[in-house]
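K.L.:
Under our numbering, think of the first position of the sequence shown as 532, with each following residue one higher.
Mind looking over this structure? Questions follow.
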Amino acid sequence: MTKTTTHSDEQPELVQEYRNTIGLFATGVVVLIIEHKGQVRCMTANAVSSLSLEPIQLLVCPSKKAAFSELLHDGGHFTVNVLGIHQEEVSNYFAGAKTTTIENEVHYDRYFSNTFRAPRLNDCIASFACQITAQHDGGDHWIVVGEVLEVYKNPYKEPEPLLFFGGKYHYPAIPDEEYIQPSADPYK
532 MTKTTTHSDE
542 QPELVQEYRN
552 TIGLFATGVV
562 VLIIEHKGQV
572 RCMTANAVSS
582 LSLEPIQLLV
592 CPSKKAAFSE
602 LLHDGGHFTV
612 NVLGIHQEEV
622 SNYFAGAKTT
632 TIENEVHYDR
642 YFSNTFRAPR
652 LNDCIASFAC
662 QITAQHDGGD
672 HWIVVGEVLE
682 VYKNPYKEPE
692 PLLFFGGKYH
702 YPAIPDEEYI
712 QPSADPYK
């Protein structure tokens with residue numbers, strides 16, 4: 532039997548350097564939730580991206596080793612739940628740091644809506660209900676295309692996102708009036 536070698540086998544320093552450098556790309560933090568036949572899996576992620584406006588689609592890229600990935604299949608449903616600065620502990624919990632302070636809390640007791648029966652994370656700042664339309668191999672991750680069926684924005688929370696940069700959480704610190712507006716709309 533022949534062993535397949537990878538960059539991590541041949542060039543572990545390149546893999547570590549890539550990981551450290553790609554970490555300089557600031558992202559938001561989300562919790563992905565999938566339910567299939569009564570099983571629910573949740574995971575913290577930051578490999579999420581807007582893909583298309585027509586049709587409305589986004590990408591999520593969960594690790595193939597994640598319990599979340601066990602329930603992926605075409606036609607399945609999942610939610611992408613955008614975390615706010617008040618949810619750092621929730622992020623850590625669904626990333627595998629099972630802390631006793633929130634172990635017994637109910638995190639997703641509400642369904643997204645009456646028509647979309649996928650769980651939505653409580654107290655998130657926004658959420659997207661998606662149907663899986665495609666799944667592609669992406670090395671040690673899956674590339675999942677989700678068609679957005681419903682959108683939720685928390686009317687009770689000021690949208691202060693939890694950010695991830697350089698392997699650490701970060702919080703917006705600039706007052707709204709000091710933000711610089713982009714000179715062009717990237718979606719046009």
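The beta carbon of each residue, even a glycine, is placed where N, CA and C say it ideally should be.
Nothing here was measured: the structure is a model prediction, and the numbers come from that model.
#1: Going by DSSP in three states, E691 sits in which element: helix, strand or coil?
#2: Would you give the residue range spanned by the alpha helix (DSSP H) that Q547 belongs to?
#3: Is the beta carbon of V574 less than 8 Å from the beta carbon of F599?
#4: Assuming L584 contacts L590 under a Cβ cut-off of 8 Å, what Cβ separation, rounded to an integer in Å, is found between them?
#5: Please identify the residue among G615, L602, T552 whose C-alpha is closest to the C-alpha of V571.
#6: Give the secondary structure of H617 by DSSP, where H, G and I count as helix, E and B as strand, and everything else as coil.
#7: What whole-angstrom Cβ distance do T698 and G554 have, given they're in contact under 8 Å?
#8: Exposed or buried, E689, counting other C-beta atoms within 10 Å across all chains shown (16 or more means buried)?
P.N.:
In short:
#1: Assigned with DSSP and collapsed to three states, E691 falls in coil, not helix or strand.
#2: 543-553
#3: The question names Val, but residue 574 is Met in the sequence shown. Between M574 and F599, the C-beta spacing is below 8 Å.
#4: Actually they are not in contact, since the Cβ atoms of L584 and L590 sit about 14 Å apart, beyond 8 Å.
#5: With distances taken between Cα atoms, V571 lies closest to L602.
#6: Helix at H617.
#7: The amino acid occupying residue 698 in the given sequence is Gly; Thr does not appear at that position. Cβ atoms of G698 and G554 come within 8 Å of each other, at about 5 Å.
#8: The residue is exposed, with fewer than 16 neighbouring Cβ atoms inside 10 Å.
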